[in-house]
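One structure is given below, encoded as C-alpha cells.
Residue numbers (the working numbering): 18 to 994.
Listed below in C-alpha cells is the structure:
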C-alpha cells in the first residue's frame with residue numbers, strides 16, 4: 018500500500034495535470050476568441066471573466082493607457098456580485114468608469130519597471146500610492162495582483178485581480194495563469210489597436226481622396242469659364258460635404274463690407290444686410306492674422322453674434338480667404354509677425370483678405386481637427402484664387418474696354434478735327450489721314466493707306482494758288498517738304514466734289530523715329546476760306562475807300578462825287594442797283610439825286626414802293642425812318658419789322674445815311690431785293706450768294722457813306738475856295754481844309770472801324786454763350802471773327818497814320834527832347850521785331866567810337882522811326898533773309914559830329930526813278946503794286962518828317978533789282994558830354 022507521501026505526490030501531480038489541462042483549454046478558448054471577433058470591448062470582457070474564473074478570484078479588471086493624457090483609464094471588468102444589490106452594483110460601476118490612474122504613479126512606475134511586469138500587493142490601502150489607496154478605499158481592494166500589459170516594449174494597459182474586502186495571497190499557479198491571460202489580452206489589445214489604426218488609415222485615405230477630388234473639382238471650376246458665384250457655390254457644397262457639416266457659406270469682402278455669395282442652406286432674409294468688417298471682431302482678427310479661427314457660440318457677441326445667428330451659424334470655423342503673395346518683409350520676418358500691426362485687408366499687391374468661409378459645427382461635434390483646418394484652408398485658397406482671377410479678369414476687361422474706348426475716342430477726335438492731318442513716309446506714300454484731310458485734298462473715300470502715292474494723286478487732282486495758277490505736283494507743299502524744305506503757313510486752293518473751291522492753309526513738320534532719323538512728314542491742313550474771303554473783302558473795302566478818295570479828290574460836283582461813291586459801293590457790296598437821295602432839312606424829305614441799275618420805269622415804281630418807310634403816313638411803320646434820321650445805318654427787310662402783316666417780305670435794302678459833323682445830307686440805298694425775290698420763287702434756282710446783308714456789309718456801307726458826306730462837304734468847301742481864290746485868307750483856309758480832310762477822314766474812318774470791332778467782339782461773346790452751334794461751324798466763326806479783328810486793327814493803324822500826317826502838316830507834333838543813347842533804341846527795336854518774324858535774321862552792328870551815341874531826341878518818335886523802317890524791310894523781303902542795322906559816327910566838313918544809321922535788307926528793292934518821290938505823301942514805288950503787301954504811302958513820309966524835326970536827314974540806296982534789296986540811311990546830330 019502506498020505510503021502517505023506517495024499519495025500526496027500523486028495528488029499534486031493530478032492537480033498540476035488538471036491545471037495544465039485547464040490552462041490549455043483556456044488558452045485554446047482565448048486563441049479562438051482572438052480569431053473570431055474584432056470587437057475589443059467584447060474580447061476584453063470575455064478575458065476578464067475567464068481570468069476571474071480561471072484564477073478563482075471575485076474581480077478582474079483591465080485599465081488601458083491613454084498616451085495623450087498619460088492616464089490609465091478603466092476599460093472593462095468582471096465582478097462576481099455576490100451580496101451586492103443591483104443598485105449598489107450600478108453605483109459602483111458609475112464610480113469605477115470615472116476613475117483614472119496616472120502614468121507617473123510610483124506603484125505604476127514600479128510595476129512597469131518590474132522584470133516580470135507583475136506586482137502582488139498584500140494590502141493596497143497601505144501602499145505608497147495616493148491614487149491606488151483612493152481606489153482601494155472606494156472599491157474595497159485589499160490584496161491585489163497587478164500585471165502590466167506590455168507589447169513590444171510599450172505599455173498598453175494593466176490587468177488587476179482581487180477579492181473585494183479580503184486579504185489573500187496569490188499562488189504561483191494563479192500568477193502564472195494570470196500572466197498568460199495578460200499576454201493574450203495584450204495581444205488582443207495590440208491587434209485591436211492595429212485594426213483600429215488600419216481602419217483609421219483607410220478612413221483617412223478615403224477622406225483624403227474625397228477631399229483631393231473636391232479640391233480638383235474646385236480647381237477645374239476655377240480654371241474654367243464659370244463665373245465667380247458658380248465657382249463659390251461649388252466650393253461651398255464640397256466644403257460642407259467634405260467636413261460633414263450641415264451649414265457652410267462664403268462671404269466676400271468689398272470696401273470693408275461683407276456680403277454672402279453662396280451657401281449650401283437657405284439663408285433667412287435677415288442676413289441680407291452687409292455688416293462692416295470692423296463690427297465683426299472675431300472675423301477681423303482672422304483677417305488680420307490671415308489664419309483660421311474656431312469660435313464657439315458662447316464667445317460671440319453683439320452684431321457678429323446676430324449676424325451668425327441670421328446665417329444659421331452657431332459654433333463657427335472662420336476661414337479667411339487670403340490672396341496675393343508674400344512681400345520680402347513677410348518672407349524675412351514671418352507672416353504673422355509682419356501682419357500683426359497691419360490689417361491683411363489693407364495689403365495691396367501681397368497677402369490680403371478677400372472674404373471668408375464660415376463653417377458651422379453642431380454642438381455634438383468636437384472642435385475642428387487639424388485635417389478639417391487643412392481641408393478648409395485648401396478650399397479657401399482655391400476660392401481666393403477664384404476671387405483674384407475674377408478681379409484680374411474684370412480689371413483686364415475694364416482695361417481692354419478702356420483701351421478700346423480711348424482708341425475709339427482718339428479715332429473720333431482724329432476724324433472730328435477741323436484740321437486735316439496727313440502722314441507721309443519718305444517715299445511719298447500716304448500712311449495716315451483723317452476725314453478732314455480726305456475732304457480737303459479730295460482723296461478717294463475708300464482709300465486705305467498706304468495704297469496711294471501723293472504724286473499719283475496730284476496728277477489727277479489739280480491744286481491752284483490763291484491767284485488761280487496751277488501748282489505742279491513737284492511744287493506742292495508736301496512734295497517740297499519731302500525734299501527737306503521748310504513749309505509753314507502756305508496756302509493753296511482745292512476744288513471739292515460739289516464744285517466749290519476752298520482755300521487751305523498747310524503746315525508741315527518732319528517725323529523722326531527713336532534714333533532721330535527722319536521717316537516721314539506730318540502735314541496739318543486748315544480751312545482758310547473764310548479768312549481769305551474776309552481778307553479779300555477788307556482789302557477790297559480799303560481799296561474802294563482809297564480809290565474813292567483818289568477819284569473824288571479835286572471834284573467839286575456833288576452828283577459826280579455821289580456817282581463815284583455809289584458805283585464803288587455797288588461793286589464792293591455785290592448789289593445790282595442803288596440810289597442816292599438828298600435830304601432837305603427844311604421839308605424833312607428825301608429827293609432822288611441819281612440811280613444806277615434802274616430803268617426809268619422801274620425807278621419810279623421802286624421809289625413808290627419805298628415810300629412806305631421813307632415817307633410813312635400816319636399809322637404806318639416809322640422805325641426805319643427814325644433810325645436813318647438818327648444817323649444809323651438801317652437794314653430794310655422783313656426781319657427788322659415786327660408789325661403784321663409785314664410789308665417787307667420781298668425787301669432787302671441797306672440804307673446808309675450820308676452824314677458829316679452830325680448833319681444828315683442824304684441817303685445811299687443799296688438794293689438786293691431782286692435777288693431775294695428770285696430765291697423765293699417756287700422751283701427757282703437758289704443762288705450761291707446769300708442775299709442778306711451782314712454786319713460787315715453794314716459797317717462798310719456806313720464808312721463809305723460817311724466818306725461820301727465828307728467828300729460832298731469838301732466839294733462844297735472847294736467851291737467856296739474857288740470863289741475866294743484871290744483872298745489869301747481863303748487860300749490858307751483851303752490848305753487847312755485839306756489837312757482837316759485827312760484828319761476828318763481819319764476820325765470818320767474810326768467810327769466804322771469801331772463799329773466793326775464792337776460787332777465782331779459782340780459776335781464772339783454771343784458765340785461763346787451759344788451752346789447749340791456745331792463745333793465745326795463755331796471754329797469757322799471764331800476764325801472769321803479773328804480775321805475781322807486783325808484786319809480792323811490794321812486799318813486802325815492806317816487811320817492813326819492819317820492823324821499823324823495831319824498833325825505834322827499843322828505843326829502840332831511836339832517832341833519831348835532828352836539825351837538818349839541811340840544804341841539802346843537800336844537794341845530795343847531789333848529785339849522787338851526779331852521776335853515777330855521767323856523768316857528773317859534781324860541783327861545790329863555798332864561801331865566803337867570814343868563818344869557814346871547820344872542824341873537829343875524824343876524816345877517814342879525815334880522808336881517809331883526804327884519800327885517803320887524795320888517793318889518795311891520785313892514786308893518787302895517776304896522770302897526772308899538778313900536785315901542789318903549799322904550805327905557809325907562821322908564828322909562832315911562843318912565840323913559837327915553826326916550819327917549815321919543804315920537799315921539794309923535783301924528784298925525787292927526800289928527802282929532808281931522812284932527814289933526821288935519815295936518820301937512824299939501817298940506815294941508808293943511802282944514795283945510794289947504786284948506784291949501782296951498793302952499800304953497807303955505814308956510811312957516813309959512820317960519817318961522823314963520826324964527826322965527833320967530831330968535835325969536829321971534820310972535817303973535811300975538801291976539798284977531796284979529784286980534780291981539786292983534797299984539801304985535806308987539817315988543821320989542825327991551827335992551830342993558830346
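Each residue gets a CB set at the ideal place from its N, CA and C atoms; glycine is no exception.
Open item on the list: Please return the same chain residues whose Cβ sits closer than 7 Å to the Cβ of residue 890, not counting the five positions on each side in sequence.
Closed with: Numbered from its first residue, the chain shown carries residue 890 at position 873. Answer for residue 890: 900, 920, 922, 924, listed in chain order.
Task: Run of the alpha helix (DSSP H) containing residue 231, from where it starts to where it stops - done: Your numbering for residue 231 matches position 214 in the chain shown. Here the alpha helix (DSSP H) through residue 231 covers 189 to 239.
TODO: Answer yes if the segment 212 to 220 comes into contact with the segment 172 to 183, meaning at least three C-beta pairs across the two stretches below 8 Å, and no otherwise.
DONE: no
- [ ] Enumerate in chain order the residues of its own chain whose CB-to-CB distance from residue 769 is below 8 Å, with the five nearest sequence positions on each side excluded.
- [x] Against the chain shown, residue 769 aligns to sequence position 752. Correct list, in chain order: 716, 717, 719, 720, 723.
- [ ] Quick one: measure Cβ to Cβ for residue 239 and residue 403, integer angstroms, because I've assumed they're closer than 8 Å.
- [x] As a first step, residue 239 is located in the chain shown; it is residue number 222 there, counting from the start. As a first step, residue 403 is located in the chain shown; it is residue number 386 there, counting from the start. The pair is a contact, with the Cβ atoms about 5 Å apart (cut-off 8 Å).
Open item on the list: What does the Cβ neighbour count give for residue 608, buried or exposed, with the cut at 16 atoms within 10 Å?
Closed with: For the purposes of this step, residue 608 is identified with residue 591 of the chain shown, where counting begins at 1. The residue is exposed, with fewer than 16 neighbouring Cβ atoms inside 10 Å.
Task: Residue range of the beta strand (DSSP E) that includes residue 850 - done: Here residue 850 refers to the residue found at position 833 when the chain shown is read from its first residue. Taken as a continuous stretch (DSSP letters only), residue 850 belongs to no beta strand (DSSP E), being part of the alpha helix (DSSP H) at 839 to 851.
- [ ] Please state if the CB of residue 389 and the CB of residue 260 are separated by a distance shorter than 8 Å.
- [x] Working through the chain shown from its first residue, we reach residue 260 at position 243. Working through the chain shown from its first residue, we reach residue 389 at position 372. Yes, they are a contact pair.
TODO: Please report how far the alpha carbon of residue 146 lies from the alpha carbon of residue 91, in whole angstroms.
DONE: Against the chain shown, residue 146 aligns to sequence position 129. Against the chain shown, residue 91 aligns to sequence position 74. Cα to Cα, the separation comes out at about 18 Å.
Open item on the list: Distance check for residue 338 and residue 400, CA to CA, integer angstroms please.
Closed with: For this step, residue 400 is matched to residue 383 along the chain shown. For this step, residue 338 is matched to residue 321 along the chain shown. Taking the straight line from one Cα to the other gives about 7 Å.
Task: Buried or exposed by the 16-neighbour rule on C-beta atoms within 10 Å, applied to residue 112 - done: Stepping through the chain shown from its first residue, residue 112 is reached at position 95. Label assigned to residue 112: exposed.
- [ ] Could you have a look at residue 688 and say whether DSSP puts it in helix, strand or coil?
- [x] On the chain shown, residue 688 is found 671 positions in, with the first residue counted as 1. Note: residue 688 maps to strand in three-state DSSP.
Task: Segments assigned alpha helix (DSSP H), at least 4 residues, entirely inside the segment 628 to 653 - done: 640 to 646
- [ ] Could you pull out every residue in the same chain whose Cβ sits closer than 6 Å to the Cβ of residue 117, ignoring the five residues on either side in sequence?
- [x] For the purposes of this step, residue 117 is taken as the residue at position 100 of the chain shown. Correct list, in chain order: 88, 90.
- [ ] With residue 591 as the anchor, note down where its alpha helix (DSSP H) starts and where it stops.
- [x] Here residue 591 is taken as the residue at index 574 of the chain shown, counted from 1. First-last for residue 591: undefined, no H or E at that position.
TODO: Flag this pair as yes or no: are the beta carbons of residue 797 and residue 522 separated by less than 8 Å?
DONE: By one-based count along the chain shown, residue 797 stands at place 780. By one-based count along the chain shown, residue 522 stands at place 505. Not in contact: residue 797 and residue 522 (Cβ atoms no closer than 8 Å).
TODO: Work out the CA separation of residue 341 and residue 365 for me, nearest whole Å.
DONE: Residue 365 sits at position 348 when you count from the first residue of the chain shown. Residue 341 sits at position 324 when you count from the first residue of the chain shown. Reliability of the predicted coordinates at residue 365 is poor, the pLDDT of 45 falling under 50, and the value obtained from them is presented with this limitation in mind. Near 8 Å, if we compare the C-alpha coordinates of residue 341 and residue 365.
Open item on the list: Taking only three categories from DSSP, how would you classify residue 580?
Closed with: The count along the chain shown starts at 1 and reaches residue 580 at position 563. In the structure shown, residue 580 sits in a helix (DSSP, three-state: H, G or I).
TODO: Let me know the secondary structure DSSP gives residue 158 once reduced to three states.
DONE: Position 141 of the chain shown, counting from 1, holds the residue named residue 158. Residue state, collapsed to three classes: coil.
Open item on the list: Less than 8 Å between C-beta atoms, sequence neighbours within five positions excluded: which residues of the same chain meet that for residue 635?
Closed with: Here residue 635 refers to the residue found at position 618 when the chain shown is read from its first residue. Hits under 8 Å: none found.
Task: Buried or exposed (CB count within 10 angstroms, at least 16 for buried), residue 892 - done: Indexing the chain shown from 1 puts residue 892 at position 875. Under this definition residue 892 is a buried residue.
TODO: May I have a chain-ordered list of the alpha helix (DSSP H) segments no shorter than 4 residues that lie completely inside the segment 381 to 441?
DONE: 387 to 433
Task: Residue nearest to residue 445 in terms of C-alpha spacing, selected from 733, 480, 539, 964 - done: The count along the chain shown starts at 1 and reaches residue 445 at position 428. It is 539 whose Cα lies nearest to the Cα of residue 445.
TODO: Starting from residue 904, trace the beta strand (DSSP E) both ways and give me its first and last residue.
DONE: Here residue 904 is taken as the residue at index 887 of the chain shown, counted from 1. Unbroken beta strand (DSSP E) run through residue 904: 898 to 907.
Task: Enclosing beta strand (DSSP E) for residue 264 [first to last residue] - done: Translated into the one-based positions of the chain shown, residue 264 becomes position 247. Looking at the DSSP string, the run of the beta strand (DSSP E) that includes residue 264 is 264 to 271.
Open item on the list: For the segment 321 to 337 against the segment 300 to 310, do three or more pairs of beta-carbon atoms, one drawn from each stretch, fall closer than 8 Å, so that the two count as touching?
Closed with: yes
Open item on the list: Suppose you measure from the CA of residue 134 to the CA of residue 224; what does that come to, to the nearest Å?
Closed with: By 1-based counting over the chain shown, the position of residue 134 is 117. By 1-based counting over the chain shown, the position of residue 224 is 207. Approximately 40 Å between the Cα atoms of the pair.
Open item on the list: If the criterion is Cβ atoms closer than 8 Å, does the pair residue 985 and residue 969 meet it?
Closed with: Sequence index remark: in the chain shown, residue 985 carries index 968 (1-based). Sequence index remark: in the chain shown, residue 969 carries index 952 (1-based). The answer is no: Cβ separation not under 8 Å.
- [ ] Express the C-alpha separation of residue 572 and residue 492 in angstroms, rounding to a whole number.
- [x] On the chain shown, residue 492 is found 475 positions in, with the first residue counted as 1. On the chain shown, residue 572 is found 555 positions in, with the first residue counted as 1. Going by the C-alpha atoms only, they are around 49 Å apart.
Open item on the list: Measuring straight from C-alpha to C-alpha, what distance separates residue 961 and residue 839?
Closed with: For the purposes of this step, residue 961 is identified with residue 944 of the chain shown, where counting begins at 1. For the purposes of this step, residue 839 is identified with residue 822 of the chain shown, where counting begins at 1. When rounded, the distance between both Cα atoms is 17 Å.
Open item on the list: What residue range does the beta strand (DSSP E) around residue 109 cover?
Closed with: As a position in the chain shown, residue 109 is number 92, starting the count at 1. Run containing residue 109: none in the beta strand (DSSP E); it sits in the alpha helix (DSSP H), 103 to 113.
TODO: Give the C-beta separation of residue 519 and residue 457 to the nearest angstrom, bearing in mind that I take them to be a contact with Cβ-Cβ under 8 Å.
DONE: Within the chain shown, residue 519 is the residue found at index 502, counting from 1. Within the chain shown, residue 457 is the residue found at index 440, counting from 1. Residue 519 to residue 457, Cβ: 7 Å. Contact.
TODO: State yes or no: is the C-beta of residue 894 within less than 8 Å of the C-beta of residue 932?
DONE: Walking along the chain shown from the start, residue 894 turns up at place 877. Walking along the chain shown from the start, residue 932 turns up at place 915. No; because the gap between Cβ atoms is not below 8 Å, this pair is not in contact.
Task: Local conformation of residue 364 per DSSP, three classes - done: Walking along the chain shown from the start, residue 364 turns up at place 347. The pLDDT assigned to residue 364 is 44, lower than 50, so where the model puts this residue is not dependable; a value taken from the coordinates is nonetheless given after this. Three-state result, residue 364: coil.
Task: Three-state class that DSSP yields for residue 10 in the structure shown - done: What the structure shows of the chain is the stretch from 18 to 994, and residue 10 is not part of that stretch, so it cannot be assessed.
TODO: Would you check if the distance between the CB atom of residue 1000 and the CB atom of residue 418 is smaller than 8 Å?
DONE: There is simply no residue 1000 to check, as the chain begins at 18 and stops at 994 in what is shown.
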